[in-house]
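Chemist: Residue numbers are given in the working numbering: position 54 of the sequence shown equals residue 42, and the series is strictly consecutive.
Beta carbons: idealized from backbone N, C-alpha and C, even for Gly.
Since the model is a prediction, treat every value here as computed from it, not as a measurement.
Would you mind keeping the following structure in view while I ask a few things?
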Amino acid sequence: GDGVVKVASGDMPVYFARPKGVVNPPVILVAMEVFGLHEYIKDVTRRIAKLGAFAIAPNYYFKMGDLTQITELDKLRPLVNAKADAELIAELDATVAWAGEAGGDIQRLGITGFCRGGRTVWVYCASSSQVKAGVAFYGSLVDPPAQKALWPKSPTELAAEMKAPVLGLYGGADQGIPVSQVDAMQAALKAAGKTTAFKIYPEAPHAFHADYRPSYRKDAAEDAF
């Protein structure tokens, strides 16, 4: 179903799914791609609920219009790049509080995300002392220099600040996130003594889990999930 979370900038829509008959289920945040609260993200939310968690996908781009209606990346990037990390984190925190009020066990809180949402996983696991685990599907690890004002630290720069273990799932054929960046992230996390795990699917491109796009790779997607 659909819900509304009160945030500083207004009423933020969320899509949620919860397991039937489960009291106080764990909570999993689902961080979306740049394409907004797409039907694919809603479907992933339902899949997670079927595994026993209260899954919630917050539409933290809601002020920018319906991004699901925009297919050109050149039009999407300026919109989503205008989202400050500080605002994003505050809205995720508000979603967690909403989940607790709705009967979720926020002492058992996780987050997963895809593409830009994968970056969100890294950022949130570095900022929230509540989150217990994260799973980042091909989240970018190095930010464009032009984003510094809104995104003060890239995921790699946040490595030493991770407060929860994270599983990073990446494609060896990703044209935007070279394996060298994944290796650098692993090294930074190891140097900081953080608990993480990575799996690289050698033949998989970026967005290999997105089953509505040509990038989908069934074997890698199912193994990663």
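Could you tell me the distance, in whole angstroms, from the CA atom of R205 to the CA atom of R107?
Modeler: In a straight line, the C-alpha of R205 is about 21 Å away from that of R107.
Chemist: Got a sec, what are the start and stop residues for the alpha helix (DSSP H) L265 sits in?
Modeler: Since the displayed the chain opens at -11 and closes at 213, residue 265 lies outside it and no answer follows.
Chemist: One question on the structure: do F186 and V170 come within less than 8 Å of each other, judged by their Cβ atoms?
Modeler: Yes, the pair counts as a contact, with Cβ atoms nearer than the cut-off.
Chemist: Residue range of the alpha helix (DSSP H) that K187 falls in?
Modeler: First-last for K187: T184 to Y189, but that is the beta strand (DSSP E), not the alpha helix (DSSP H).
Chemist: Report all residues from its chain with a CB closer than 6 Å to the CB of L147; omit the five preceding and five following residues, and keep chain order.
Modeler: As written in the sequence, residue 147 is Ala, which differs from the Leu given in the question. These residues qualify, in order along the chain: A176, L177 and A180.
Chemist: Is G(-2) helix, strand or coil when you go by DSSP?
Modeler: Correct three-state label for G(-2): strand.
Chemist: Please name the residue, chosen from S115, L39, G53 and V11, that lies closest to H26 on a Cα-to-Cα basis.
Modeler: H26 has its Cα closest to that of G53, out of S115, L39, G53 and V11.
Chemist: Quick check: the Cα distance between K38 and D31, rounded to an integer number of angstroms?
Modeler: Taking the straight line joining both Cα atoms gives about 11 Å.
Chemist: Could you check if R65 is buried or exposed, using at least 16 other CB atoms within 10 Å of its CB as the buried criterion?
Modeler: Exposed is the call here.
Chemist: What I want to know is whether the C-beta of G(-9) ends up closer than 7 Å to one or more non-hydrogen atoms of the ligand FAD.
Modeler: The model depicted lacks the ligand FAD and carries no ligand whatsoever.
Chemist: When the distance is taken between beta carbons, is Y49 closer than 8 Å to G77?
Modeler: A small correction: the amino acid at residue 77 is Ile; Gly does not occupy that position in the sequence shown. In this structure, Y49 does not lie closer than 8 Å to I77 by Cβ.
Chemist: Starting from the C-beta of S(-3), find all residues in its chain whose C-beta is less than 7 Å away, skip the five residues before and the five after it, and write them out in chain order.
Modeler: Answer for S(-3): K51, listed in chain order.
Chemist: Tell me the DSSP secondary structure of T144 in three-state form.
Modeler: Reduced to three states, the DSSP call for T144 is coil.
Chemist: Roughly how many angstroms separate the alpha carbons of Q57 and R201, rounded to a whole number?
Modeler: Going by the C-alpha atoms only, they are around 15 Å apart.
Chemist: Shorter than 8 Å from the beta carbon of K30 to some beta carbon of chain D?
Modeler: Here chain D cannot be found, since the structure has a single protein chain.
Chemist: Verify whether the separation of the beta carbon atoms of K14 and A45 is less than 8 Å.
Modeler: Note on residue identity: the sequence assigns Pro, not Lys, to residue 14. Contact: no.
Chemist: Rounded to whole angstroms, how far is the Cβ of V154 from the Cβ of G122, which I believe are closer than 8 Å?
Modeler: Confirmed, about 4 Å.
Chemist: Going by DSSP, name the residue or residues bridged to D73.
Modeler: Answer by DSSP bridge pairing: none, since D73 is not bridged.
Chemist: Would you list the residues sitting across from D(-10) in a DSSP beta bridge?
Modeler: BP columns for D(-10) point to Y3.
Chemist: Secondary structure at P166, three-state DSSP: helix, strand or coil?
Modeler: In the structure shown, P166 sits in coil (DSSP, three-state: anything other than H, G, I, E or B).
Chemist: In or out: Q174 buried (at least 16 other Cβ within 10 Å) or exposed?
Modeler: Answer is buried; the Cβ neighbour count reaches 16.
Chemist: For A212, which residues in the same chain have their Cβ closer than 8 Å to its Cβ, ignoring the five residues on either side in sequence?
Modeler: If we look at A212 and ignore the five residues flanking it on each side, its Cβ neighbours are F125, L157, K187, Y189, F196 and H197.
Chemist: Select from D(-1), V(-8), W110 and V119 the residue whose C-alpha is nearest the C-alpha of R96.
Modeler: That would be V119, whose Cα lies nearest to the Cα of R96.
Chemist: Note down, in chain order, each residue of its chain lying with its Cβ closer than 6 Å to the Cβ of A5, except the 5 sequence neighbours on either side.
Modeler: Excluding residues within five positions, the ones whose Cβ falls inside 6 Å are T33, R34, A37 and A43.
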